[in-house]
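S.K.: One structure, pasted below without further comment.
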């Protein structure tokens with residue numbers, strides 16, 4: 176049967192796939208009331224990044240989901256603070272879902288499976304002024320319906336050409352690591 180004792184599964188996640196998402200419209204400054212969109216499409220035919228000779232038909236997933244940490248930069252104390260309440264979240268394709276823990280620090284999101292791919296599109300309406308830093312986690316899937324040993328992690332990349340990360344790094348006096356640069360997006364709301 177299913178579960179962690181399925182024979183031959185070994186490590187927790189069997190596959191490592193790639194995923195990408197983009198924030199739009201791509202701006203450094205938004206106004207209160209403006210809307211940002213996060214859009215991501217994942218094909219169903221995926222190449223395993225651990226063994227690239229393996230190509231998987233990842234149809235009929237029991238769900239692909241991720242998390243968006245949402246933070247505001249406190250320019251006086253030079254720290255980041257939870258800021259989910261500074262936005263209104265609107266599901267368009269797939270859906271936003273409240274986190275179980277640390278709800279003020281971000282929000283989860285789930286992809287919708289279509290006949291050809293998995294899609295997510297969500298809107299965030301700016302409700303408060305400040306400098307914000309958003310992230311997008313790697314994605315997870317518990318597997319495919321009716322099949323054992325099909326868990327996957329999807330390495331996330333944000334594809335925006337300008338992620339405005341200087342806004343965040345300069346105030347805090349830090350340099351983000353490769354992971355932070357790959358998944359981060361910063362902007363100002365005024």
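Residue numbers (my numbering): 176 to 365. Beta carbons: idealized from backbone N, C-alpha and C, even for Gly.
Quick one, which of 335, 294 and 248 has its alpha-carbon nearest residue 268's?
M.R.: 294
S.K.: Excluding sequence positions up to five away, which residues of its chain have a Cβ less than 7 Å from the Cβ of residue 335?
M.R.: 197, 198, 201 and 360
S.K.: Please report the Cβ distance between residue 316 and residue 241, rounded to the nearest whole angstrom; I am assuming they are in contact, meaning their Cβ atoms lie under 8 Å.
M.R.: The C-beta distance from residue 316 to residue 241 rounds to 10 Å, too long to fall under 8 Å, and the pair is not in contact.
S.K.: Who pairs with residue 193 in a beta bridge, going by DSSP?
M.R.: Secondary-structure assignment with DSSP links residue 193 through a beta bridge to 330.
S.K.: Which class does residue 305 belong to by DSSP, given the choice of helix, strand or coil?
M.R.: strand
S.K.: Can you tell me whether residue 280 is helix, strand or coil according to DSSP?
M.R.: helix
S.K.: Starting from the C-beta of residue 257, find all residues in its chain whose C-beta is less than 6 Å away, skip the five residues before and the five after it, and write them out in chain order.
M.R.: 279 and 280
S.K.: Name the DSSP beta bridge partners of residue 297, please?
M.R.: 213 and 266
S.K.: May I ask you to report which of helix, strand or coil DSSP gives residue 357?
M.R.: helix
S.K.: What are the partner residues of residue 349, as DSSP defines its beta bridges?
M.R.: For residue 349, which the question treats as bridged, DSSP gives no partner whatsoever.
S.K.: Since residue 236 and residue 215 are thought to touch, with beta carbons under 8 Å apart, how far apart are those beta carbons, to the nearest angstrom?
M.R.: So it is not a contact: roughly 14 Å between Cβ atoms.
S.K.: With respect to the beta strand (DSSP E) encompassing residue 246, which residues constitute its N-terminal and C-terminal limits?
M.R.: 239 to 249
S.K.: Just reading off the beta strand (DSSP E) that residue 316 is part of, what are its end residues?
M.R.: Segment 314 to 316, the beta strand (DSSP E) holding residue 316.
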